[in-house]
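Chains as they are written, first to last, in the numbering used here: chain A, 79 to 628; chain B, 8 to 565. Cβ atoms here follow ideal geometry from the backbone N, Cα and C, with glycine treated the same way. Computed from a predicted structure; not experimentally measured. Here the structure is laid out as structure tokens; the discussion comes afterwards.
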């Protein structure tokens with residue numbers, strides 16, 4: 079029994095033709111709306127890891143900035159070095175994938191004042207603990223939602239009075255860790271190298287007290303009682319690295335429950351070849367994983383390995399790194415143009431291809447930490463290359479410019495990746511992946527009536543039972559109930575809103591439900607029962623409001 | 008931050024020690040720790056293995072805590088090189104180098120008992136204050152740096168540790184653990200020869216001294232007494248400035264074609280612009296059109312150059328440029344076809360076939376020691392093939408010296424001679440532009456000879472910042488610059504794994520900074536430079552030498 083409010087609106091489509099190079103301009107504003115001067119803004123080609131340094135600009139007195147002479151492409155535009163200012167929180171619906179901008183677009187970046195945590199580290203007799211590394215670890219976001227993996231946001235060394243002060247902290251809940259590793263980046267011995275870290279107010283991690291930080295707030299007196307408690311050593315070596323002790327990898331030590339990165343070490347040619355060790359590790363469950371740099375000539379990684387520390391050192395841990403896979407392919411445009419629309423030229427360089435591991439499919443690469451998404455942009459011919467893929471199932475997210483195009487098929491030779499997903503084997507170089515785009519895409523935006531609590535996901539289910547998973551679409555509904563879906567194939571669909579489970583983290587988006595045949599069938603059943611139908615015409619732009627009892 | 012020549016040599020020797028250093032042995036060290044002359048209880052003393060730039064060996068670090076009388080003793084030590092020091096944050100700890108482990112070098116032989124070592128700590132001083140702009144607003148996140156006036160009254164950069172907290176959100180900074188002395192306190196950047204600072208920020212803070220000076224001559228000197236806290240050392244800055252980008256292209260000089268995918272760097276030159284000192288890059292590579300961009304370059308005079316590891320047979324002449332208050336574009340770096348030097352590496356006086364078999368894994372470095380600005384990332388790195396041959400391409404014309412590289416852990420082979428057509432080339436092989444030279448013979452030796460020495464300085468003291476090392480060079484012209492030995496806290500040094508032969512020992516002198524030094528410095532320097540001592544080394548023998556330098560000044564020291 080749906081009460082539907084239907085609006086129909088055809089929006090002017092078509093992007094103006096672009097010159098070879100262009101600019102992106104924008105403004106950095108504070109939460110109160112005024113421009114912020116002297117902030118460095120960087121423009122980085124989407125998905126780029128390593129490679130040439132990003133372009134940078136500085137904001138003027140009004141907060142304005144401009145990047146000129148940019149090549150066509152998709153850019154991530156971010157602020158850096160805000161000093162006491164930090165980027166304003168992003169709606170959870172937009173957190174999974176960084177927003178990209180293209181030439182000619184204008185950008186508004188909002189920053190807010192960060193918070194402060196201030197305190198001292200004192201020994202058993204109240205004496206100051208000097209030159210100890212203290213870090214602030216963000217465990218909940220500004221809305222109190224636990225982060226998929228806690229992040230060390232800031233760290234300081236205590237001074238001669240044992241005092242530390244961390245500023246520019248994004249709002250959220252924090253735990254504060256004392257003795258977070260050697261204060262000299264392991265270049266020389268320090269007093270507490272063999273000791274376990276302790277958390278404010280002086281406890282192991284499980285009982286650490288959370289400190290609430292709001293924009294502009296100052297938490298003072300966060301004093302930590304430090305007692306020297308010997309930790310253990312985790313040591314081992316890397317297998318599968320290069321000869322000559324070359325081709326090392328970085329070994330990450332993570333907390334197996336929260337996925338938090340605790341420390342990392344480069345296991346390279348210096349000293350014992352390919353050996354690694356972590357000191358001062360308290361009892362607990364951990365995960366170790368070795369990965370080479372993504373810009374390595376042949377990226378390699380080991381599967382994460384669980385290690386338990388119980389009252390003793392753990393030695394001779396062997397991590398075998400093996401070559402990762404790569405995927406090369408191209409974007410192509412279907413020949414037949416859509417009749418209704420002048421789609422203009424599609425600039426392939428402006429498309430972003432992102433792949434993310436599908437955690438519903440079990441893999442030896444499953445980790446406590448959220449899996450990294452890999453992204454790239456195509457060149458002007460539509461060719462792309464993704465490197466460093468683990469042997470597991472990936473799902474694809476294609477970010478297309480404008481509104482005119484949609485992904486029609488996703489294949490590799492004769493196999494239909496739209497149904498199978500992208501599942502590279504170890505070390506495989508998949509070469510003939512084709513993404514076929516068609517013009518005449520439809521779009522749908524609208525609003526769901528507000529609900530008191532809980533996040534929701536909106537699914538778009540094709541009425542045609544034979545439609546492949548590419549025809550299905552889903553999006554997270556913003557907190558104000560707004561949603562938007564673009565780049566849709568025309569045709570009849572059902573709409574279905576579903577609550578997002580509480581344990582689903584905004585930083586760890588699951589693969590689209592339609593990829594899983596059973597879930598897809600269930601989705602169809604539910605959508606068919608609700609019967610909220612929408613017919614998306616060729617090049618149609620629908621605006622739709624959905625009542626409260628959808 | 009930069010390290011100069013002979014410190015690098017010491018690192019090579021440091022990594023050249025045993026492959027898997029034994030963790031236990033029969034040597035011991037004992038002594039006491041004092042603070043201001045009085046015994047210090049409960050201080051941690053650490054004996055660390057020096058590492059060649061890698062992480063310190065925590066398992067191999069031996070620690071002890073001083074007792075009521077300030078005494079410590081560390082036993083069951085393996086022979087080898089160590090750094091002995093106290094770990095006492097906030098105190099001034101005697102140390103050889105501002106980099107790496109805190110303490111002084113100590114070389115231990117098997118079974119040796121080193122006693123009565125005194126580690127004299129002094130309470131550190133504190134300088135604290137606030138950094139603000141002209142309107143009084145805090146300047147946040149800027150590191151505050153010190154220059155300490157040396158014995159000649161010249162400001163020397165004082166490196167206050169591998170890391171420090173910058174000014175906080177209130178502009179407040181605090182530097183502690185400082186030795187007594189006179190300091191200049193400053194924030195921000197100023198260009199100096201041989202030194203480079205890189206930033207990813209679009210703005211930078213031009214240098215400002217306490218209290219509000221942009222020129223060091225107007226800076227107020229801050230006097231810190233032992234253990235004293237000096238407060239209110241505020242710095243007022245003028246404001247941030249924008250920095251600029253450098254763009255240019257790399258071309259092949261012979262064909263005019265653009266060179267794509269080439270790593271490009273820039274560096275700061277020395278005062279005479281004859282050499283590139285510190286350099287760096289942000290992983291900048293040329294694109295398909297050979298174009299490159301260095302973002303956010305701070306003002307100064309630099310030179311741009313390429314890494315020639317991947318330029319297959321080409322070398323470059325660095326292109327100097329000035330950056331002031333605008334982007335610099337149109338820079339061109341030209342790649343020139345280089346010379347080729349090939350030959351064979353042979354062993355002399357090595358009977359062990361297992362050792363001879365390892366010659367085929369040896370890595371070599373070709374260094375051009377000719378004057379003229381050259382790329383410090385010249386790709387003169389090669390390998391000896393299993394049949395003993397080697398080949399270097401893309402060499403710059405000039406005098407080329409080829410040396411074995413001691414990559415990971417051991418110096419197995421030592422260069423005895425380079426021969427061209429049977430004639431020794433003690434000063435390297437003269438290579439003309441684009442020339443192809445074949446038939447170079449590298450004669451390598453291996454040995455177990457050792458020089459155990461002691462340096463005695465009498466009649467005076469060295470300036471505080473001066474550091475010494477010992478260099479051994481083969482009399483017949485091998486070894487290139489020589490093999491380094493560091494001088495430990497007892498004045499002892501040791502140079503091992505020497506092939507038999509005659510060597511000349513000299514003192515290597517390091518003094519920081521590039522400021523003009525007074526005649527007193529050169530007087531001491533000439534006395535150190537004058538010392539040359541020959542020693543004959545045989546396999547399996549430790550040659551003991553004592554080097555004595557009389558620092559007595561003719562008219563007596565002030």
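Whole angstroms is fine: what's the gap from residue i's alpha carbon to residue j's?
i, j, result
"residue 595 (chain A)", "residue 151 (chain A)", "35 Å"
"residue 219 (chain B)", "residue 107 (chain A)", "31 Å"
"residue 244 (chain B)", "residue 199 (chain B)", "19 Å"
"residue 93 (chain A)", "residue 121 (chain A)", "The predicted model places residue 93 (chain A) with a pLDDT of 34, which falls under 50 and marks its position as unreliable; any figure quoted below should be read in that light. Approximately 22 Å between the Cα atoms of the pair."
"residue 223 (chain A)", "residue 536 (chain A)", "21 Å"
"residue 208 (chain B)", "residue 287 (chain B)", "16 Å"
"residue 123 (chain A)", "residue 166 (chain A)", "22 Å"
"residue 476 (chain A)", "residue 502 (chain A)", "18 Å"
"residue 233 (chain A)", "residue 251 (chain A)", "16 Å"
"residue 325 (chain A)", "residue 168 (chain A)", "38 Å"
"residue 253 (chain A)", "residue 387 (chain A)", "22 Å"
In the DSSP assignment, the beta strand (DSSP E) including residue i goes from what residue to what residue?
i, result
"residue 459 (chain A)", "Per DSSP, residue 459 (chain A) belongs to no beta strand (DSSP E) and is neither H nor E."
"residue 497 (chain A)", "Element bounds for residue 497 (chain A): not the beta strand (DSSP E) but the alpha helix (DSSP H), 495–498."
"residue 394 (chain A)", "392–398"
"residue 298 (chain B)", "298–304"
"residue 473 (chain B)", "No beta strand (DSSP E) contains residue 473 (chain B), which DSSP labels as neither H nor E."
"residue 409 (chain B)", "405–412"
"residue 196 (chain B)", "Element bounds for residue 196 (chain B): n/a, residue is neither H nor E."
Consider the Cβ of residue i: report whether some Cβ of chain B lies at a distance smaller than 8 Å.
i, result
"residue 202 (chain A)", "no"
"residue 269 (chain A)", "yes"
"residue 161 (chain A)", "yes"
"residue 98 (chain A)", "no"
"residue 209 (chain A)", "yes"
"residue 245 (chain A)", "yes"
"residue 238 (chain A)", "yes"
"residue 194 (chain A)", "yes"
"residue 123 (chain A)", "no"
"residue 257 (chain A)", "no"
Counting contacts by CB-CB distance shorter than 8 Å, is residue i in contact with chain A?
i, result
"residue 102 (chain B)", "no"
"residue 365 (chain B)", "no"
"residue 290 (chain B)", "yes"
"residue 152 (chain B)", "no"
"residue 97 (chain B)", "yes"
"residue 94 (chain B)", "yes"
"residue 143 (chain B)", "no"
"residue 53 (chain B)", "yes"
"residue 79 (chain B)", "no"
Mind checking which residues open and close the alpha helix (DSSP H) that includes residue i?
i, result
"residue 531 (chain B)", "526–537"
"residue 360 (chain B)", "360–364"
"residue 606 (chain A)", "595–608"
"residue 470 (chain A)", "Segment: none, residue 470 (chain A) is in no alpha helix (DSSP H) and carries neither H nor E."
"residue 447 (chain A)", "Premise fails: residue 447 (chain A) is in no alpha helix (DSSP H) and is neither H nor E."
* Sequence ranges, beta strand (DSSP E) only - wholly within the segment 65–153 of chain B, length at least 3 -> 69–72, 78–84, 87–94, 111–115, 120–130, 132–140
* At least three beta-carbon pairs within less than 8 Å, the segment 145–158 of chain B to the segment 182–192 of chain B -> yes
* Taking three-plus beta-carbon pairs below 8 Å as touching, is the segment 503–517 of chain A in contact with the segment 592–606 of chain A? -> no
* **Any 3 or more C-beta pairs closer than 8 Å across the segment 349–360 of chain A and the segment 300–314 of chain A** => yes
* Of all the alpha helix (DSSP H) runs that stay within the bounds of the segment 429–453 of chain B, which reach a length of 4 or more residues? -> none
* **Minimum length 3: unbroken beta strand (DSSP E) runs contained in the segment 248–299 of chain A** => 250–256, 289–291
* Asked: Taking three-plus beta-carbon pairs below 8 Å as touching, is the segment 284–300 of chain A in contact with the segment 367–382 of chain A?
  -> no
* Is the segment 134–153 of chain A touching the segment 207–223 of chain A in the sense that three or more CB pairs, one from each, lie closer than 8 Å? -> no
* Validate contact between the segment 516–533 of chain A and the segment 558–565 of chain A using beta carbons, cut 8 Å, 3 pairs -> yes
* For the 8 Å Cβ check, are there 3 or more pairs between the segment 466–484 of chain A and the segment 422–442 of chain A? -> yes
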